[in-house]
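So the structure is just underneath, and the comments pick up after that.
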Amino acid sequence: DLPTTCVNVDDYDLVEGSPVGGTYSGVGVNLNKFNPNTGGIGTHEVTYTYTDGNSCVNSAKKNLVVHALPNVDLGSTQEVCFYLDVELTVPENGATYVWDTEPVQTTQSIKTNVPGVYNVMVTDVNNCSTTGSTTLTDGGMVDVSLGDDLYVCEGVPAEFAVPLFSDITWSNGAKSTSVTISGTDTI
């Protein structure tokens, strides 16, 4: 078979035929060059035809495989809020991933709460590579209200909870979905 390629590769010379001097034909073939984008994804039969000095003609057929690019759809623009991470995940499994983060991350998913443009280069098992991109915009701070001031008796703890969020940082430094205070603590 002829070498496999990826759909985003530039056209290239077909040189595998022997004896040298014949012509290639098939879907995606023009002037002995193969264009993967024109040929399209899938298996293509390419014919090599050679005519010798006695006008005898012979041909051989081989398959050429064009692979699709990895799926790098990171989705549309999202808002990201301070303290609330967004997870960006490449849908393509079993590939290598290089995110343009600082430091560079090489996992299928990353979490961040920083607005900006995020790019990832993905190379699949067929050695086909492409880049995906998405934008995270600033969604501002999340405004959470615990209601009116609450007065508690000394020695009697009071618990406050915000179960709708998975990661809360309270003004006293506690990190959880709830906090217990007593006395004159303020949160």
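Start counting the sequence shown at 29; every next residue gets the next number (the numbering used here). C-beta: ideal position from N, C-alpha, C; glycine also.
Counting along the chain, where does the alpha helix (DSSP H) carrying Asn65 start and finish? Pro64 to Gly67
Can you name, in chain order, every residue of its own chain whose Cβ lies under 8 Å from the Cβ of Thr134, other than the five neighbours on each side? Thr124, Tyr125, Val126 and Trp127
Between Thr158 and Gly103, which are expected to be in contact by the criterion C-beta below 8 Å, what is the C-beta distance as a whole number of angstroms? At roughly 16 Å, the Cβ-Cβ gap does not stay under 8 Å, so Thr158 and Gly103 are not in contact.
Apart from the five residues just before and just after Thr197, which ones in its own chain have a Cβ nearer than 8 Å to its Cβ? Exclusion of the five residues before and after Thr197 leaves Tyr111 and Lys203 as the residues of its chain whose Cβ lies within less than 8 Å of its Cβ.
Hey, how far is the Cα of Gly201 from the Cα of Leu178? 20 Å
Taking contact to mean 3 or more Cβ pairs, one atom from each stretch, closer than 8 Å, check whether the segment 111-122 and the segment 50-62 are in contact. The segment 111-122, when compared against the segment 50-62, does not touch it at the 8 Å Cβ threshold.
At what residues does the beta strand (DSSP E) containing Lys139 begin and finish? Residues Ser137 to Thr140.
Of all the options Leu97, Thr129, Asp38 and Thr77, which has the alpha carbon lying nearest to the alpha carbon of Lys90? Thr77
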